[in-house]
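Novice: There's a structure below that I have some questions on.
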Amino acid sequence: MIVMKFGGTSVANCEAITRTVSIVESKLAQKPVVVVSALSKVTDLLYRIADQAAVRNRMETSDLLDQLRSRHIGLAHDLMADYPSYCHEACAKVNEICDSLSSFVGAVCALGELSERSKAVIISTGEYLSSNIICCTMNARGIKTGYMDARKMIITDEDYLKGEPDMTAIQARVPGIVSAAYEGNDAVITQGFVSATAQGEPTVLGRGGSDYSASLIGAAIDASVIEIWTDVDGVRTADPRKVENTKCLEKISFEEAAEMAHFGAKVLHPLTIEPAVKKNIPIYVLNSMNPGGKGTAILQNSFIEDGVKSVSFKENILVINIFSTKMINTSGFLKKVFEIFSTNKVSVDLISTSEANISVTVDSSQKIDNVISQLSEFADVYVDKDKSQISVIGKNIINLRGLLRQTFAPLADCKIYMISQGASYVNLSFVVDREVMTDAVRQIHKYLFEDESGN
Ligand code: ADP
Ligand code: ASP
Ligand code: MG
Numbered sequence: 353m354i355v356m357k358f359g360g361t362s363v364a365n366c367e368a369i370t371r372t373v374s375i376v377e378s379k380l381a382q383k384p385v386v387v388v389s390a391l392s393k394v395t396d397l398l399y400r401i402a403d404q405a406a407v408r409n410r411m412e413t414s415d416l417l418d419q420l421r422s423r424h425i426g427l428a429h430d431l432m433a434d435y436p437s438y439c440h441e442a443c444a445k446v447n448e449i450c451d452s453l454s455s456f457v458g459a460v461c462a463l464g465e466l467s468e469r470s471k472a473v474i475i476s477t478g479e480y481l482s483s484n485i486i487c488c489t490m491n492a493r494g495i496k497t498g499y500m501d502a503r504k505m506i507i508t509d510e511d512y513l514k515g516e517p518d519m520t521a522i523q524a525r526v527p528g529i530v531s532a533a534y535e536g537n538d539a540v541i542t543q544g545f546v547s548a549t550a551q552g553e554p555t556v557l558g559r560g561g562s563d564y565s566a567s568l569i570g571a572a573i574d575a576s577v578i579e580i581w582t583d584v585d586g587v588r589t590a591d592p593r594k595v596e597n598t599k600c601l602e603k604i605s606f607e608e609a610a611e612m613a614h615f616g617a618k619v620l621h622p623l624t625i626e627p628a629v630k631k632n633i634p635i636y637v638l639n640s641m642n643p644g645g646k647g648t649a650i651l652q653n654s655f656i657e658d659g660v661k662s663v664s665f666k667e668n669i670l671v672i673n674i675f676s677t678k679m680i681n682t683s684g685f686l687k688k689v690f691e692i693f694s695t696n697k698v699s700v701d702l703i704s705t706s707e708a709n710i711s712v713t714v715d716s717s718q719k720i721d722n723v724i725s726q727l728s729e730f731a732d733v734y735v736d737k738d739k740s741q742i743s744v745i746g747k748n749i750i751n752l753r754g755l756l757r758q759t760f761a762p763l764a765d766c767k768i769y770m771i772s773q774g775a776s777y778v779n780l781s782f783v784v785d786r787e788v789m790t791d792a793v794r795q796i797h798k799y800l801f802e803d804e805s806g807n
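Quick note on the numbering used here: the sequence shown kicks off at 353 and runs consecutively.
So this is what it looks like as structure tokens:
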């Protein structure tokens with residue numbers, strides 16, 4: 353079996369879904385388990401609905417709910433114009449899902465209070481809408497497709513918006529559900545991003561989490577390959593939306609891919625690699641708009657050459673500086689500091705220390721108020737805002753002569769606030785002012801990957 357995950361742009365509209373269904377059709381011999389995201393921008397729309405409901409803005413929520421319904425009904429009609437009974441079935445599903453969402457949102461508006469649990473219910477609706485429409489479309493096209501509810505398979509803890517998967521429960525459930533859904537069918541389909549607690553309470557895996565769903569399912573069924581179908585020709589030397597002349601990487605290691613994703617490359621959810629690597633399942637990143645392309649293979653380290661592979665960045669990070677004289681000559685200080693980050697579930701990217709100071713970077717999307725107040729009980733704490741983190745990533749980059757010179761030469765006039773070369777020798781990261789980041793990334797990319805003619 354193989355897992356094929358299609359992201360938002362690969363299921364954005366009639367044309368994209370038609371292409372996606374053909375890609376699945378070409379792989380039926382490998383027994384695909386299809387995992388789909390919500391249509392492009394739908395999850396953002398659902399976040400807006402949740403936020404407007406929380407402030408009891410009924411007019412705005414009902415307007416947005418109408419947009420959601422009409423986009424999906426319109427899509428079902430476009431896709432299944434020649435298959436009226438399938439179109440009818442898809443529209444009935446869309447209406448059922450939208451009706452139930454409307455009453456749920458109505459209740460949130462009435463209360464004027466949005467719990468994380470309620471937010472998870474609202475934002476996971478996009479994947480239910482897309483998976484139902486695509487399932488009907490595949491059946492209409494003669495690909496007999498079984499439907500599976502991800503909430504019965506992807507079990508997490510009670511962190512509703514960023515559920516932590518329970519791999520034992522997932523392993524126990526997924527193979528049976530997939531093989532039952534496959535009975536009499538050519539393919540099966542489920543939702544990415546969506547998950548639930550063991551008691552069945554809805555949770556989600558965090559933004560961009562459909563890649564993670566695909567990898568969790570792939571590991572649970574011992575898939576031969578996990579394919580991530582997206583809108584670029586594989587993993588590139590930098591984000592092509594930010595940098596010109598990026599190159600597609602033919603293959604990278606699990607470790608390189610994990611570092612790239614953790615340090616900002618949006619092409620993969622940061623946790624995607626973990627389940628796959630445990631079972632040594634190759635991941636391919638492929639372009640649904642160019643299905644004949646080779647894409648990027650993410651493989652075991654031994655298949656990968658040494659060298660710089662990419663420049664990643666996180667545009668908006670915070671540097672938390674912790675000062676305390678108690679740090680000098682005392683053991684246990686670091687433990688105390690990092691326990692505070694851990695109990696508040698704030699994840700730290702870079703760390704550097706000096707005699708009486710620890711500096712760490714964290715993504716600005718994280719809530720750090722509790723961390724700051726708890727640290728302030730025994731240390732002086734200063735937070736630097738508007739900083740960016742740039743990471744140069746590649747296997748054994750420590751062995752590359754002149755890497756530091758090449759990386760920092762274009763930054764001669766920039767302030768560099770922190771530098772960290774990971775112990776794994778895969779990652780060299782540093783912090784700069786946010787306003788210089790784009791230019792810095794472009795210059796470093798040019799220096800590391802382009803010759804004088806821009807190739
Ligand atoms: P999907 O909806 O298919 O999950 P995403 O938008 O989440 O797609 O991820 C694909 C995007 O990731 C690309 O369009 C590209 O802009 C961005 N990206 C960031 N870094 C990289 C990189 N190193 N290689 C390729 N794409 C990257
Ligand atoms: N639809 C979700 C999001 O936009 C999950 C995903 O696309 O991976 O975050
Ligand atoms: Mg994505």
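Even for Gly, the Cβ is constructed at its ideal location relative to N, Cα and C. None of the values given here were measured: they were computed from a predicted structure.
What is the rounded straight-line gap between the Cα of S699 and the Cα of T713?
Specialist: On the sequence shown, position 347 is the one that residue 699 refers to. On the sequence shown, position 361 is the one that residue 713 refers to. One Cα belongs to S699, the other to T713, and the distance between them is close to 9 Å.
Novice: Whole angstroms are fine: how far does the CA of C461 sit from the CA of I768?
Specialist: The sequence position of residue 768 within the sequence shown is 416, counting from 1. The sequence position of residue 461 within the sequence shown is 109, counting from 1. Their Cα atoms are separated by approximately 47 Å.
Novice: Between N709, D701, L398, K599, which lies nearest to H797 when the distance is taken from Cα to Cα?
Specialist: Within the sequence shown, numbered from 1, the residue matching residue 797 stands at position 445. Minimum Cα distance to H797 is reached at K599.
Novice: For my contact list, V663 and V723 are in at a C-beta cut-off of 8 Å; report their separation, rounded to the angstrom.
Specialist: Within the sequence shown, the letter at position 311 stands for residue 663. Within the sequence shown, the letter at position 371 stands for residue 723. With a beta-carbon spacing of about 29 Å, V663 and V723 fall beyond the 8 Å limit used to define contacts.
Novice: Is it buried or exposed, M356, if we count other Cβ atoms within 10 angstroms and call 16 or more buried?
Specialist: Position 4 of the sequence shown, counted from the start, is the residue given in the question as residue 356. So M356 ends up on the buried side.
Novice: Do you know offhand how far F801's Cα is from Q758's?
Specialist: Here residue 801 corresponds to residue number 449 of the sequence shown, with the count starting at 1. Here residue 758 corresponds to residue number 406 of the sequence shown, with the count starting at 1. One C-alpha to the other measures close to 11 Å.
Novice: In this structure, what does DSSP give as the bridge partners for T508?
Specialist: Within the sequence shown, the letter at position 156 stands for residue 508. Looking at the DSSP assignment, T508 forms a beta bridge with P517, T549.
Novice: Bridge partners for Y734 per DSSP, in chain order?
Specialist: Stepping through the sequence shown from its first residue, residue 734 is reached at position 382. Its beta-bridge partners are N673.
Novice: Is K471 near the ligand ADP, judged by its Cβ being under 7 Å from some heavy atom?
Specialist: In the sequence shown, counting from the first residue as 1, residue 471 sits at position 119. Checking every heavy atom of the ligand ADP against the Cβ of K471, none is found closer than 7 Å.
Novice: Does Q551 pass the burial test, meaning 16 or more other C-beta atoms within 10 Å, or should it be called exposed?
Specialist: To locate residue 551, count along the sequence shown from 1; it is residue 199. Label assigned to Q551: exposed.
Novice: Comparing the CB of E479 with every heavy atom of the ligand ASP, is any distance shorter than 7 Å?
Specialist: Here residue 479 refers to the residue found at position 127 when the sequence shown is read from its first residue. Correct: E479 has its Cβ closer than 7 Å to the ligand ASP.
Novice: Can you look up K666 in the DSSP assignment and give me helix, strand or coil?
Specialist: Against the sequence shown, residue 666 aligns to sequence position 314. Three-state DSSP puts K666 in a strand.
Novice: Report the partner residues of K747 according to the DSSP bridge assignment.
Specialist: On the sequence shown, position 395 is the one that residue 747 refers to. According to DSSP, which records beta bridges pairwise, K747 is partnered with G659.
Novice: Going by DSSP in three states, G494 sits in which element: helix, strand or coil?
Specialist: What you label residue 494 is simply residue 142 of the sequence shown in a count that begins at 1. Three-state DSSP puts G494 in coil, outside helix and strand.
Novice: Taking the alpha carbon of N779 as the point to measure from, which residue in T555, R421, A609, S454 has its own alpha carbon closest?
Specialist: Your numbering for residue 779 matches position 427 in the sequence shown. Check the Cα spacing between N779 and each of T555, R421, A609, S454: the tightest is with A609.
Novice: For Y480, does the count of other Cβ atoms within 10 angstroms reach 16, so buried, or fall short, so exposed?
Specialist: Position 128 of the sequence shown, counted from the first residue, corresponds to residue 480. Label assigned to Y480: buried.
Novice: Just to confirm the assignment: which complete beta strand (DSSP E) runs, minimum length 3, are found wholly within the stretch 583-614?
Specialist: Segments of the beta strand (DSSP E) lying fully in the stretch 583-614: 603-605.
Novice: What number of angstroms, rounded off, separates the C-alpha of D732 from the C-alpha of M789?
Specialist: Position 380 of the sequence shown holds residue 732. Position 437 of the sequence shown holds residue 789. So the alpha carbons of these two residues sit roughly 28 Å apart.
Novice: Taking all protein chains shown into account, decide if H424 is buried (16 or more other Cβ within 10 angstroms of its Cβ) or exposed.
Specialist: Position 72 of the sequence shown holds residue 424. With 16 or more other Cβ atoms within 10 Å, it is buried.
Novice: Alpha carbon to alpha carbon, what distance is there between L727 and N696?
Specialist: Counting from 1 along the sequence shown, the entry for residue 696 is found at position 344. Counting from 1 along the sequence shown, the entry for residue 727 is found at position 375. Cα to Cα, the separation comes out at about 12 Å.
Novice: Which of the three DSSP states, helix, strand or coil, is assigned to K739?
Specialist: Your numbering for residue 739 matches position 387 in the sequence shown. When DSSP states are grouped into helix, strand and coil, K739 belongs to the strand group.
Novice: Taking the continuous beta strand (DSSP E) assigned at L651, which residues delimit it?
Specialist: To locate residue 651, count along the sequence shown from 1; it is residue 299. Run containing L651: 648-651, per the beta strand (DSSP E) assignment.
Novice: Flag this pair as yes or no: are the beta carbons of G464 and R408 separated by less than 8 Å?
Specialist: In the sequence shown, residue 464 corresponds to position 112, counting from 1. In the sequence shown, residue 408 corresponds to position 56, counting from 1. Yes; because the gap between Cβ atoms is below 8 Å, this pair is in contact.
Novice: Out of K631, M519, N668, which one is the CA nearest neighbour of L651?
Specialist: For the purposes of this step, residue 651 is taken as the residue at position 299 of the sequence shown. Of K631, M519, N668, the residue nearest in Cα terms is K631.
Novice: Can you give the Cα-Cα distance for E342 and T589, rounded to whole angstroms?
Specialist: Beyond the ends of the chain as shown, which are 353 and 807, falls residue 342; an answer cannot be given.
Novice: Rounded to whole angstroms, how far is the Cβ of L416 from the Cβ of S454, which I believe are closer than 8 Å?
Specialist: Here residue 416 refers to the residue found at position 64 of the sequence shown. Here residue 454 refers to the residue found at position 102 of the sequence shown. Not really, about 11 Å apart at Cβ, beyond 8 Å.
Novice: Candidates F545, A492, T497: which alpha carbon is nearest E516's?
Specialist: The sequence position of residue 516 within the sequence shown is 164, counting from 1. Cα-wise, what sits closest to E516 is F545.
Novice: Out of M505, V540, A533, point me to the one whose CA is closest to A548's CA.
Specialist: On the sequence shown, position 196 is the one that residue 548 refers to. Of the candidates M505, V540, A533, the one whose C-alpha sits nearest the C-alpha of A548 is M505.
Novice: Here's the rule: buried if 16 or more other CB atoms are within 10 angstroms of the residue's CB, otherwise exposed. What is M500?
Specialist: Walking along the sequence shown from the start, residue 500 turns up at place 148. Buried, since its Cβ has 16 or more Cβ neighbours within 10 Å.
Novice: Within the stretch 398-462, note down every full alpha helix (DSSP H) run reaching 4 residues or more, in order along the chain.
Specialist: 410-431, all fully within the stretch 398-462.
Novice: For A613, collect the residues of the same chain with a Cβ closer than 6 Å to its Cβ; drop the 5 residues on either side in sequence, then sort them by chain order.
Specialist: By one-based count along the sequence shown, residue 613 stands at place 261. Once the five neighbours on either side are set aside, the close Cβ partners of A613 are L620, P622.
Novice: Given a threshold of 16 other Cβ atoms within 10 Å of its Cβ, counted over all protein chains shown, does F606 qualify as buried or as exposed?
Specialist: Along the sequence shown, one-based indexing puts residue 606 at 254. Label assigned to F606: buried.
Novice: Is the beta carbon of C766 closer than 8 Å to that of V784?
Specialist: Locating residue 784 in the sequence shown gives position 432, counting from the first residue. Locating residue 766 in the sequence shown gives position 414, counting from the first residue. Contact flag set, yes.
Novice: So, E579 versus Y636, is the Cβ gap smaller than 8 Å?
Specialist: Taking the first residue of the sequence shown as position 1, residue 579 is located at position 227. Taking the first residue of the sequence shown as position 1, residue 636 is located at position 284. Cβ atoms of E579 and Y636: closer than 8 Å.
Novice: Output needed for C488: all residues of its chain with C-beta closer than 6 Å, excluding positions within five of it in sequence on either side, in chain order.
Specialist: Counted from its first residue, the sequence shown places residue 488 at position 136. Around C488: Y438, E441, A442.
Novice: My understanding is that N673 touches D738, with C-beta atoms under 8 Å, so please give their C-beta distance in whole angstroms.
Specialist: Within the sequence shown, the letter at position 321 stands for residue 673. Within the sequence shown, the letter at position 386 stands for residue 738. With a beta-carbon spacing of about 14 Å, N673 and D738 fall beyond the 8 Å limit used to define contacts.
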